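Take a look at the structure set out below.
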Amino acid sequence: MYFISYLLFHLQVLVADSDKLAHPLAEPWAELVHLVQQKGSYSHIITSSSSFGKNILPRAAALLNVSPVTDVVEISGPRLFIRPIYAGNALCTVRYTGLDPCMLTIRSTSFPVPPVSSESRPNAAPISQVDLSTFSEDNLSKSRYVKHTSQETERPDLGSARVVISGGRALKSAENFKLIEKLAEKLGAAVGATRAAVDAGFVPNELQVGQTGKIVAPELYMAFGISGAIQHLAGMRDSKVIVAVNKDADAPIFQVADYGLVGDLFELIPELLEKLPEQK
Ligand SMILES: Cc1cc2nc3c(=O)[nH]c(=O)nc-3n(C[C@H](O)[C@H](O)[C@H](O)COP(=O)(O)OP(=O)(O)OC[C@H]3O[C@@H](n4cnc5c(N)ncnc54)[C@H](O)[C@@H]3O)c2cc1C
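Mapping of the sequence shown onto mature numbering (1 follows the signal peptide of the UniProt record, and there is no 0): residues -16 to -1, 1 to 264, in sequence order.
In structure tokens form, the structure reads like this:
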């Protein structure tokens, strides 16, 4: 596990090299964050709002006896943050008044990647090993690594893809959902889905976009047969351009769409597939 820390703006990389940390289990990693904080007394600890970050940070915060601030979308000051509430329908400004460390999960899609020119590249950061001699093994028996399974796919990662093609309940079956997958392949895009599509078993849970799924903000988000429930919008409304295809002209998705097409996806997707050029 690697930590990158800014000590008075001096970048430092800490490496915790141990077999006990070989697999991404939240309990030992939270214990490690606890240990590193006790030695380093850092002012802030930040992870991304990924399922892994959200698994570790609250555990580490409990060990350190502080309350984390989650899903930060803007940093207004060292202890002043903006985060969404009510499924993204309102933004709340939060001042952290607790003890150090101030622990945050941040939505990385809300922060643009800063341009890095060759002149502005910092000097190589020193790398040091974390002293694990006092690493407590108390928590290690609470969970056990069994195996890791994931979808073998060459498609881009949903959380960071530039283009996302999503489908909803209207697809009706896993077989029909392949239309979405074909379109995604043609556009070099990631595939997303609504909870209704996931619950119906068309696609695995890891493709769910929304309040209880992944938060995405691609350059282009195309929604096929998706009504636009607030829980789904919470996961994609920050996309730069939203295209919606729905046969109901009154579907709420059209309220957030930049381009809307009222029509039957079973006619429109094959037409799109035919007209789009093959990816080079
Ligand atoms: C606590 C909680 C958390 C939730 N979290 C999430 C979440 O993270 N993500 C999420 O997505 N949902 C979430 N939901 C569920 C959410 O409320 C909606 O039920 C879900 O998003 C609806 O999915 P859908 O748009 O696919 O289905 P529907 O709402 O049924 O919409 C289907 C749409 O397809 C259109 N349609 C039908 N046939 C066609 C066709 N042939 N061509 C074109 N359009 C067609 C219809 O007009 C309709 O608008 C959550 C709900 C709760 C209570």
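Beta carbons are placed, not taken as given, at the ideal position from N, Cα and C, and that holds for glycine.
Computed from a predicted structure; not experimentally measured.
Query, Result
"How far does the alpha helix (DSSP H) with H216 in it reach, from first residue to last?", "214 to 217"
"Looking at the secondary structure, which residues open and close the alpha helix (DSSP H) in which N230 lies?", "Element bounds for N230: not the alpha helix (DSSP H) but the beta strand (DSSP E), 225 to 230."
"Beta strand (DSSP E) containing residue 323: first to last residue?", "Since the displayed the chain opens at -16 and closes at 264, residue 323 lies outside it and no answer follows."
"Use the C-beta contact count for E251: other C-beta atoms within 10 angstroms, 16 or more gives buried, fewer gives exposed.", "exposed"
"For T31, which of A74, Q192, S92, S144 has the nearest alpha-carbon?", "S92"
"Do you know offhand how far V57's Cα is from A45's?", "20 Å"
"Using three-state DSSP, classify Q192 as helix, strand or coil.", "strand"
"Report yes or no: do the segment 192 to 211 and the segment 147 to 155 share at least 3 C-beta pairs separated by less than 8 Å?", "yes"
"Assuming P254 is part of the beta strand (DSSP E), what are its boundary residues?", "Here P254 belongs to no beta strand (DSSP E); instead the alpha helix (DSSP H) covers 249 to 259."
"From A109, I59, P261, R79, pick the residue whose C-alpha is nearest to that of S94; which is it?", "I59"
"What does the Cβ neighbour count give for L(-10), buried or exposed, with the cut at 16 atoms within 10 Å?", "Unreliable positioning characterises L(-10) in this predicted model, as indicated by a pLDDT of 48, which lies under 50. The coordinate reading is nonetheless provided below. So L(-10) counts as exposed."
"Check the C-beta distance from V175 over to R139 and give it rounded, since I have them as a contact under 8 Å.", "6 Å"
"Output needed for P8: all residues of its chain with C-beta closer than 7 Å, excluding positions within five of it in sequence on either side, in chain order.", "F36"
"Take R179 and list the residues in its own chain whose beta-carbon comes closer than 8 Å to its own, dropping the five residues that flank it on each side.", "Q192, G194, T196, G197, Q215, H216"
"On a Cα-Cα basis, can you pick out the residue from P85, A181, S34, T77 that is closest to S25?", "P85"
"Just the Cα atoms here: how many angstroms apart are N189 and Q22?", "37 Å"
"Determine the contact status of V187 and A158, defining contact as a CB-CB distance below 9 Å.", "yes"
"When you compare only the Cα positions, how much space is there between P99 and K156?", "43 Å"
"Answer yes or no: do V114 and L19 have a C-beta to C-beta separation smaller than 9 Å?", "yes"
"According to DSSP, which residues form a beta bridge with F208?", "G151, V229"
"Taking the C-alpha atoms as reference points, what is the distance between S120 and T89?", "25 Å"
"Near D248, what residues of its chain come up, given a Cβ to Cβ distance below 6 Å and the 5 sequence neighbours on each side ignored?", "K231"
"Skipping 5 residues on each side, what residues in its chain have a beta carbon closer than 7 Å to that of I111?", "V(-4), V(-2)"
"My parser needs the beta strand (DSSP E) runs of 3 or more residues fully inside the segment 152 to 181; what are they?", "174 to 177"
"Is the beta carbon of L83 sitting closer than 9 Å to the one on V50?", "yes"
"Give me the pocket residues for ligand 1, defined as CB within less than 5 Å of any heavy atom, sorted by chain position.", "G152, R153, A154, T178, R179, A180, G194, Q195, T196, G197, G209, I210, S211, A213, Q215, H216, N230, K231, D232, A235, D248, L249"
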